[in-house]
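Beneath this line is the structure, given in structure tokens, with notes to follow.
What follows is the structure in structure tokens.
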């Protein structure tokens with residue numbers, strides 16, 4: 002799924018409008034493999050597992066490249082990959098299957114089924130959190146906190162109740178359930194806990210019995226064993242050595258391991274509208290519900306998130322499916338309901354999503370061949386109707402609340418109408434505006450999209466809302482958006498300039514330079530904290546107390562203390578003799594530092610203890 006913190010221009014143009022692709026589609030498997038190999042070579046990706054599906058048959062399944070750089074073991078149709086969040090599709094299918102048997106109600110409050118679970122929801126009386134909210138990522142939960150991400154291997158056998166007890170803070174509704182989409186892995190662990198409570202069996206056993214075995218996926222696994230490890234590709238984060246297998250706490254959200262050949266069965270099931278071979282595992286109505294978003298007031302249409310299943314309109318025809326990413330692996334499966342074809346692509350690397358996009362495009366073009374596919378046509382909409390949505394919007398549903406301060410600092414989006422056509426651009430404007438083509442019902446697409454992925458509406462308080470794929474944006478005055486954007490840039494450059502103070506002063510005269518210590522400390526902290534954060538993330542230790550996280554805690558306090566000290570120094574220097582320009586600079590630096598401190602304090606960043614967040 003696309004992360005909301007992507008540059009907004011990219012969100013609005015579906016991660017950048019498709020570049021012109023002059024190459025004709027591959028004309029055979031040999032040519033397809035050769036072109037995939039070129040992508041892998043260009044992106045330095047070791048290997049790819051691929052499957053192509055046409056209706057109820059697998060056209061081809063195989064591999065390109067190597068599963069293990071050290072041994073040169075090739076990728077084959079039966080090589081196992083960690084498929085990450087593709088696991089969510091199976092959990093959602095299992096719950097829909099149980100719902101069709103009357104064993105569970107997707108719209109029932111979770112608190113009624115599992116009252117023992119710690120779930121925060123101050124809207125519980127009027128809008129309780131349901132299973133459907135969890136599966137559609139509309140419960141309002143935060144995503145995983147750092148101390149509930151990676152786990153020791155023994156955690157793969159940990160009861161889900163213990164997993165959920167590790168950090169209940171991520172399971173608090175931040176807004177009214179059903180009002181906004183925000184991708185949250187913990188919701189799927191709660192859903193799996195409900196599945197276990199309803200069935201009396203471990204979720205792994207339920208998925209194996211209800212889906213994996215009926216689909217012929219007998220080689221797939223939800224836990225690592227020596228036998229599974231022997232068939233598993235090695236994962237890579239860079240061009241160096243393989244990363245060790247790291248277990249995850251929220252395994253119902255992303256712990257499946259499967260081969261491209263076997264994962265193709267999921268595509269066949271979707272294209273068969275719930276049938277696999279001669280067996281109906283789920284009804285056509287159940288499949289339709291899986292592909293539909295029912296819990297939100299406003300959805301993006303063809304790009305909406307259903308139950309472990311979402312839409313992609315970046316190719317010539319709309320796609321449904323799911324992507325996944327886990328340490329060392331990227332995955333994507335998709336199917337084109339209108340054309341009856343689908344694909345699986347699995348990579349043993351996490352450092353090139355570009356490779357996934359490029360290979361997926363090759364697979365779709367191969368499957369479509371020369372089929373003419375037209376995007377939905379422009380619908381006539383009066384200009385005054387379009388003008389209803391003209392305005393400025395900002396992101397308002399952060400995936401991880403801790404990083405909301407970064408998301409809020411991203412440029413806003415301005416929507417305007419010119420000569421009867423609607424456009425979107427960043428605030429302040431950079432690059433050419435993107436046209437939003439009306440499709441009716443307040444839904445739109447950009448020229449390169451094959452379906453609707455932008456929508457407008459109003460929330461319960463009457464505020465205008467813009468949905469751009471999975472991103473939720475609220476209206477705000479243009480002056481505020483512009484002022485915030487420009488203020489952020491000015492503050493950043495002023496704070497960054499503190500690093501140059503010692504060199505500047507030394508180049509002008511010898512001797513001591515009083516008053517530069519605190520500004521220098523502020524600037525050093527500003528750049529050191531992100532480096533420590535990224536280093537801890539790379540090592541997978543953000544949720545632990547260690548040199549990285551303690552350093553972040555200390556340096557954020559240094560930043561705040563240095564900001565206040567810089568302000569005091571700047572004021573004390575005003576009546577002294579000296580350069581007016583220098584005094585004004587010190588004052589501007591101090592103002593920027595104090596504003597940044599107030600902003601970061603409001604978002605809980607100053608003095609953050611990541612090990613207990």
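Residue numbers (this note's numbering): 2 to 614. Just so you know, even glycine gets a beta-carbon here, dropped at the ideal spot from N, CA and C. Every value quoted in this text rests on a predicted model; they were computed, and no experiment measured them.
Sorted by chain position, which residues of the same chain lie with C-beta nearer than 6 Å to residue i's C-beta, five sequence neighbours on each side aside?
| i | result |
| --- | --- |
| residue 135 | 188, 191, 192 |
| residue 30 | 61 |
| residue 342 | 55, 368 |
Within 10 angstroms of the Cβ of residue i, are there 16 or more other Cβ atoms? Answer buried if so, exposed if not.
| i | result |
| --- | --- |
| residue 209 | buried |
| residue 461 | exposed |
| residue 408 | buried |
| residue 613 | exposed |
| residue 528 | exposed |
| residue 421 | exposed |
| residue 607 | buried |
| residue 175 | buried |
| residue 219 | exposed |
| residue 279 | exposed |
| residue 171 | buried |
| residue 330 | buried |
| residue 507 | Because residue 507 carries a pLDDT of 44, less than 50, the predicted location of this residue cannot be relied on, and the following value inherits that uncertainty. By the neighbour-count rule (16 or more Cβ atoms within 10 Å), residue 507 is not buried but exposed. |
| residue 494 | exposed |
| residue 413 | buried |
| residue 415 | buried |
| residue 651 | Residue coverage of the chain in this structure runs from 2 to 614, which leaves residue 651 outside it and unanswerable. |
| residue 569 | exposed |
| residue 201 | exposed |
| residue 99 | buried |
| residue 236 | buried |
| residue 603 | exposed |
| residue 267 | buried |
From the DSSP output, in three-state form, read off residue i for me.
| i | result |
| --- | --- |
| residue 108 | coil |
| residue 182 | coil |
| residue 355 | helix |
| residue 385 | helix |
| residue 45 | coil |
| residue 511 | With a pLDDT of 45 at residue 511, under the threshold of 50, the modelled position of that residue is not reliable, and the figure given next carries that caveat. Correct three-state label for residue 511: coil. |
| residue 230 | helix |
| residue 124 | coil |
| residue 607 | coil |
| residue 564 | helix |
| residue 221 | coil |
| residue 74 | strand |
| residue 334 | strand |
| residue 213 | helix |
| residue 311 | strand |
| residue 411 | coil |
| residue 296 | coil |
| residue 446 | strand |
| residue 283 | coil |
| residue 538 | helix |
Beta-carbon within less than 7 Å of residue i's beta-carbon, same chain only, minus the 5 sequence neighbours each way: which residues are those?
| i | result |
| --- | --- |
| residue 299 | 456, 458, 466, 468 |
| residue 437 | 423, 424, 425, 445, 447, 455 |
| residue 360 | 37, 40, 49, 346 |
| residue 499 | 520, 521, 523, 524, 590 |
| residue 97 | 283, 287, 290, 291, 308 |
| residue 483 | 428, 429 |
| residue 610 | 554 |
| residue 63 | 51, 77, 78 |
| residue 384 | 418, 421 |
Starting from residue i, follow its DSSP beta bridges and name the residues at the other end.
| i | result |
| --- | --- |
| residue 395 | 475 |
| residue 252 | Partner(s): none; residue 252 has no beta bridge. |
| residue 350 | 237 |
| residue 423 | 418, 437 |
| residue 83 | 258 |
| residue 324 | 333 |
| residue 61 | 53 |
| residue 465 | 459 |
Could you give the C-beta distance for residue i and residue j, rounded to a whole number, given that I count them as a contact under 8 Å?
| i | j | result |
| --- | --- | --- |
| residue 350 | residue 81 | At roughly 15 Å, the Cβ-Cβ gap does not stay under 8 Å, so residue 350 and residue 81 are not in contact. |
| residue 244 | residue 252 | Rounded, the Cβ-Cβ distance is 18 Å, inconsistent with contact. |
| residue 370 | residue 339 | The Cβ separation is near 15 Å, so there is no contact. |
| residue 530 | residue 556 | 5 Å |
| residue 164 | residue 115 | No, residue 164 and residue 115 are not in contact; Cβ-Cβ is about 14 Å, not under 8 Å. |
| residue 358 | residue 387 | Their Cβ separation, rounded to whole angstroms, is 31 Å, which puts residue 358 and residue 387 out of contact at 8 Å. |
| residue 324 | residue 86 | 7 Å |
Less than 8 Å between C-beta atoms, sequence neighbours within five positions excluded: which residues of the same chain meet that for residue i?
| i | result |
| --- | --- |
| residue 355 | 44 |
| residue 149 | 164, 167, 168, 171, 187, 250, 251, 544 |
Counting only beta-carbon separations shorter than 8 Å, does residue i have a partner in chain B?
| i | result |
| --- | --- |
| residue 209 | The chain labelled as chain B is not found in the depicted structure, where only one protein chain is given. |
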